[in-house]
Amino acid sequence: MAVHVFGIRHHGPGSARSLAKALAELQPDCVLVEGPVEASGETHWVAHEQMRPPVALLVYRPDSPLRSVFYPFAAFSPEWVALTYAAQTRVPARFMDLPLVKWLALPPEATEAEPGEDPMKELARVAGCTDFERWWERLVEDRGDAAVFPAIHEAMGALREHGGRALSREEELREAAMRQEIRGAVKEGHERIAVACGAWHAPVLIDMPAAKHDAALLKGLDKVKVQVTWTPWSHGRLMRASGYGAGIESPGWYEHLWSTPHDMSIRWVSKVVQLLRAQDLDASSAQVIDTVRLAETLATLRSRRMVGLDEINESARTVLLFGDDAPLRLIDNKLIVGETLGEVPPESSAVPVQKDFEATLKRLRLKLELNDKLLDLDLRKDGDRERSHLIHRLTLLSIEWGTQMDGRGKLGTFYEIWTLRWEPEFAVELVGAAQWGNTIKAAAGERVRHAAASATTLQHLTALLEPVLKANLPAVAPGVLDRLSQIAALAPDVGHLLDTLPPLANIIRYGDVRQTDRDTVRRVAVELIARACAGVPVACGSVNDDAARETVNRIAAAHSAIALLDDEPHRALWLETLRRIADLPGVHGLAGGRCARLLLDAGALTIDEASARASQSLSPGVDPLAGAAWIEGFLEGSGTVLRVNEALWALVDEWVRGLTAGNFQNMLPLLRRTFSTFAKPERRQLGERVKSGGGATPSMQTPAAIDAAFAARALPLLTKILGLDQ
Amino acid sequence: MAHELRQPAEVQLAEELAELKKTDDKPRPPSWAMSPWAVATYLMGGPLPNGFIVSPKYIGPRRLMEIAISTLATDRALLLFGVPGAAKSRVSEHLSAAISGDSTRIVQGTAGTAEESIRYGWNYARLLAEGPSWNAIVPSPVMRSMQEGRLVRVEELTRIPSDVQDSLITILSEKALPVPELNAEVRAVRGLNVIATANNRDRGVNELSSALKRRFNTVVLPVPDTLDEEVDIVRRRVTDLGRALEIPAKEPALAEVRRLVTLFRELRNGVTEDGKTKLKQPTGSLSTAEAISVVNSGLALAAFFGDGKMTAADVAASVQGAVVKDPVQDGVAWREYLEIVVKERDGWRDLYRACRQLAD
């Protein structure tokens, strides 16, 4: 017989072992594996010395790369075993599943049904076992010999005949395609063809219907162009929990089963013990012995041929962990799932943007790791700056490789601290990025341009701005800014307008942009200030407390931003606006108070004026709640300032002293509301100052005579520090 | 023997044990009365090849019993951990009955347990008359089991003072008990092993030394997983006990048992079964064993002072007794539960009224 079918379980180490034995016996001259036909040209990479599973074949449509299909392989996958066998013995190896060309073009409803699992569960249930995995392991995986295949085929045949589950159209098509490939191999004159496929499909590949039937089925399917590439995969992504249909529960354990033919349980328990010791949990060698013995006894009691993961876990919990479950979770993550990340030879990936990415990684000496890794970048150094650019560009391409941490302890804009963590699915995004450009930089730029063009709100654009500048994409910045000013003209909400000011000011002040860009940013910023000044006063009247608080915070942030811009005419315009708000009849107290305070701090309001406003707003005729809001806005968050700022202190002090006894009593609850927002030490210090007679603070009591000559010596250094000499 | 209040398992269930031995054709570890497979069947229940039905002794995960039996087969000592009433002593009794045919070799652990109960004591009259000799020695249950190659049970291991606990170490690791007075030692015959039980809540009383802990395999017995499982346990045990105590009452209605078990579970877990309402948890353990005793005393009340049919009024007093261990804290939790849950639930109105009368 020319065709030998081997029904396997995807990612079953026992199946893999059986298959390896069967192949060694058969010595086939052609190997066919369930997998995308289009990838047949890529099978030779399997034997490449830089190829380390787990890896996956990624098949995608170049015109919409996110419509893609993955075929993962681990070292213990039978399919991988078949491919390696073929590569090592220099026998042609091919994939035979329905060409994705057709599959990716199928209407979505045809691909919805998840094939495979259910009928098997039915079989396990008939056998009196609730857990399919365990049943299959006990019956098939534990054997590891080649004689198991005919039995599997018979079982599956019976199941297909009597299981009562209708085949989906997709499954029918796939099986037809597999048969066509097998016929092709026979026609080519191969004499011993080994076919490795999921056990479910095995029976229909052995008893084939007429070729005409299959050809008719496959006729007339739409074709799309696809591309194929190898990509690194991880054990975590092989898990069923990760959403992979043919996933498994314990890749790390399977890997161990596959790579450790002898003393399997002893070696596993030793790994467990080492892990526990690394966590400062005691575990002696005597306990290893006892654990293994218990596991073996349990396996005997359960009539299992081999010790399974259940037995080992239960023994470990009983002997090593004194019945405690918590440390098992650690074992689960580190060992049972495992943290292995595969590798592929760089030449094997076909997407230019991916190649560019790999080259960039190499140049910048960065590695892809699954665990969190801390990266500390000093942006004054060229290499570090480029690394930062790369991470920001990836973020723009929605590859969230790095998470930026607060620059703990290190102040200043020179530093960026990142936690890097590579997820294998980023590979998909990376291929997806191919539609935007052929290098990371070009793709990120194009993506931003596209996002800016389709953005309709100010928030979106503002959110884009900073990353664009941090990712060093000067070519696209002006486009984003233009779009920003277009949208700003139409923006209905002045709040968002205010929100855009701080990022813009930051860019101008600290940003690393060229002079021309800086001018563009400034032009846009100035324009925005003018628009904001027109709209803000309206936003401060007739609003409720929450809205007022939000607006006030925005005003404060915008105020600091405008101060940074260092543009006198617009600052004057802004201060003028603040005054208008403060004078606005019916203004919300919070806004009125805060504006008065900002004006006072900016020197646009004298202390007498401020004091007059205070007593107006707090006079008995005014609604007490409005008065309370005013004083809250005026003093909010400035307990310490109040204590050390002589003018402010005097203002409040005089106002309180001026109150009549009755009024004071009325005012007290309102004042309390504001003062209770101060920190406790601040309140205590304020209280002490009041107790000591309310005079000036001791430090201010005797202004020392200034030695002008002595002070002048410090000036050159100060000038330099403040950057005034430039 | 019919007057005994409660017979040991091997006498009560002699028939089951005999049937199991008859059909048991699997290999037995040295000195075991039956094979590990048969022991597992004895504990979990099930039909035998000859059609005889073995009753279940432990209702819960089978794998736990498998671990316990395997532990004893590897001649490591077994420590059963769990909250009070999680069937620890029951499992230990039935294991010894099945494996050694004798569940009466037992050391009851208390704060006053002395070394003599684990090693040996002296018959002082003999000691004075004859001087130290084997005749003057009073062997402990442990020493006897060593000589006969049987299982010995240590109940409430963590209540025993630490220094006394540690006298088990030599016995467990060397399988020998030195008798320095006679310059000799007792060496254990194959088949000796120890089943100890300890209480989760007492962990702090006399925590095991790590040397001793290392010699035990720990199996934690959980409280029943599901409501149905727990109802099943309570119903079976109540029926068994009722028969033993000859209470002339009808078997309690399943609905009534279900209601009580629900009440116990909800208070124990601090949340209603539907998961919607959070509850205060009383300080007591509210174990299955307590639910059993509540139903039992309810049955007795109904039998002797009622019409033989257990009603809400019959159980109310003992329920309250089981829940309210600390009059202040638990009282609040109980009253809150009554008002929030019992009062509002369909068909629980009678229980509410009965409990409410007592609570006031």
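Residue numbers (our numbering), protein chains in the order written: chain A, 5 to 730; chain B, 54 to 413.
Backbone N, C-alpha and C define an ideal beta-carbon position, used for all residues, glycine too.
Residues are counted here when their Cβ sits less than 8 Å from a Cβ of chain A; for the region 114–125 of chain B these are 116, 119, 120, 122, 123 and 124, given in chain order.
Within the model, the alpha-carbon separation for residue 711/A versus residue 717/A is close to 11 Å.
C-alpha of residue 174/A to C-alpha of residue 240/A: approximately 28 Å in a straight line. Taking 9 Å as the CB threshold, residue 149/A stays off the interface with chain B. Per DSSP, residue 75/B lies in no beta strand (DSSP E) segment; the continuous alpha helix (DSSP H) that holds it begins and ends at 67–76. Sequence-distant partners of residue 319/B (beyond 5 residues in either direction) whose C-beta falls short of 8 Å from its own C-beta, in its chain, are 325, 326, 332, 390 and 394.
Under the Cβ criterion of 9 Å, residue 132/B is counted among the residues facing chain A. Runs of the alpha helix (DSSP H) spanning 4 or more residues and lying entirely within the region 374–439 of chain A occur at 386–400 and 430–436, in chain order. For residue 54/A, there is no enclosing beta strand (DSSP E), since its DSSP letter is neither H nor E. Assignment of alpha helix (DSSP H) within the region 604–663 of chain A, counting only whole runs of 4 or more residues, yields 611–621, 628–639, 643–648 and 650–662 in chain order.
DSSP, read as helix, strand or coil, puts residue 135/B in strand.
Residue 89/B has its alpha-carbon roughly 11 Å from the corresponding atom of residue 78/B. Against chain B, the CB of residue 343/A has no partner CB under 9 Å away; the residue lies outside that interface.
Judged by their CB atoms, residue 232/B and residue 242/B are not nearer to each other than the 9 Å cut-off. If you draw a straight line from the Cα of residue 418/A to the Cα of residue 491/A, it is about 32 Å long. When Cβ-Cβ separations below 9 Å define contact, residue 318/A makes contact with chain B.
Taking a Cβ-Cβ cut-off of 7 Å, residue 283/A has no neighbours in chain B, whose nearest Cβ is about 17 Å from it. CA-CA distance, residue 198/A to residue 9/A, rounds to 6 Å. DSSP places residue 238/A in the strand class (E or B) of the three-state scheme. Comparing C-alpha distances from residue 355/A to each of 282/A, 232/A and 313/A shows the shortest one belongs to 232/A. Beta-bridge partners assigned by DSSP to residue 361/A: none are found. With its beta carbon at least 9 Å from every one in chain A, residue 381/B lies outside the interface. In the DSSP annotation of this structure, the continuous segment of the beta strand (DSSP E) that includes residue 175/B starts and ends at 173–175. For residue 192/B, the enclosing beta strand (DSSP E) begins and ends at 190–192. In the same chain as residue 269/B, and ignoring 5 residues on each side of it, the C-beta atoms closer than 6 Å to its own belong to 130 and 132, in chain order. Take residue 179/B, set aside five residues on each side of it, and the residues of its chain with a beta-carbon closer than 7 Å to its own are 188 and 189, in chain order. Residues of the same chain with a CB within less than 6 Å of the CB of residue 401/B, apart from the 5 flanking positions on each side, are 395 in chain order.
Residue 85/B is outside the set of residues whose beta carbon lies under 9 Å from a beta carbon in chain A.
A residue is called buried once 16 or more other Cβ atoms fall within 10 Å of its Cβ, and residue 691/A, having fewer, is exposed.
Contact check for residue 471/A and residue 399/A: beta-carbon distance about 6 Å, within the 8 Å limit, so the pair qualifies. Only residues of its own chain outside the window of five on either side were considered, and among them 22 and 144 have a CB closer than 7 Å to the CB of residue 152/A, listed in chain order. Contact check between the region 596–605 of chain A and the region 637–645 of chain A: three or more CB pairs, one atom from each, fall below 8 Å, which counts as touching. No Cβ of chain B is located within less than 9 Å of the beta carbon of residue 308/A.
Separation of the CB atoms of residue 185/B and residue 234/B is rounded to 4 Å, and the pair is thereby assigned contact status at 8 Å.
Around the beta carbon of residue 103/B, fewer than 16 other beta carbons sit within 10 angstroms, so the residue counts as exposed. At a cut-off of 9 Å between C-beta atoms, residue 269/B counts as an interface residue with respect to chain A.
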